[in-house]
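Trainee: When we follow UniProt numbering, the leftmost residue of the sequence shown carries the number 1, and every step to the right adds one.
Quick reminder that beta carbons are idealized off the backbone N, C-alpha and C, glycines included.
Since this is a predicted model, take the numbers as computed values, not measurements.
This structure is in structure tokens; I'll ask about it shortly.
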Amino acid sequence: MTAYIIVEIDTRDEELMAEYRKHTPGLVSKFGGKFIVRGGNCTSLEGGWTPARVVVLEFPDRAKAERFYHSEEYKPVLAMRLKAGHSKAILVDGHNG
């Protein structure tokens with residue numbers, strides 16, 4: 001069953017996003033995942049908080065997504081993301097069929 005990590009980042013700092021994108025792809029693929037969206041701009045359709053950027057990562061299953069997110073290797077990248085200010089991530093289970 002596919003799983004997705006959706007990361008919302010509240011920054012328009014292009015230098016920070018370039019650094020994030022530079023360090024993340026190899027790590028994502030090491031854990032069996034891939035990028036679906038690489039820091040695209042966001043528009044809120046239903047009101048509420050609208051982050052400046054969104055990143056969507058796809059993994060073959062929830063366990064691999066969680067291993068990636070909680071890995072020691074991801075911690076420096078997570079710290080970089082949190083440096084942006086308001087930022088959050090959600091894990092979404094996909095489905096078969």
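#1: What does aspartate 93 pair with, by DSSP beta-bridge criteria?
#2: State the start and end residues of the unbroken alpha helix (DSSP H) segment that holds lysine 64.
#3: According to DSSP, is lysine 75 part of a helix, a strand, or is it coil?
#4: Looking at leucine 91: is its Cβ nearer than 8 Å to the Cβ of alanine 65?
#5: Assuming threonine 11 and glycine 85 make a contact with CB atoms under 8 Å, what is their CB distance in whole Å?
#6: Would you mind sorting leucine 45 into buried or exposed? The rule is 16 or more other CB atoms within 10 Å of its CB.
#7: In chain order, what residues of the same chain have a beta carbon less than 7 Å from the beta carbon of valine 37, not counting five sequence neighbours either side?
#8: Distance check for valine 7 and arginine 21, CA to CA, integer angstroms please.
Mentor: Checking against the coordinates, here is how it stands:
#1: Beta-bridge partners of aspartate 93 (DSSP): Ala3.
#2: 62 to 69
#3: helix
#4: A contact, by the Cβ cut-off of 8 Å.
#5: The pair is a contact, with the Cβ atoms about 6 Å apart (cut-off 8 Å).
#6: exposed
#7: Val54, Val55, Val56
#8: Looking at the two C-alpha atoms, the distance is approximately 13 Å.
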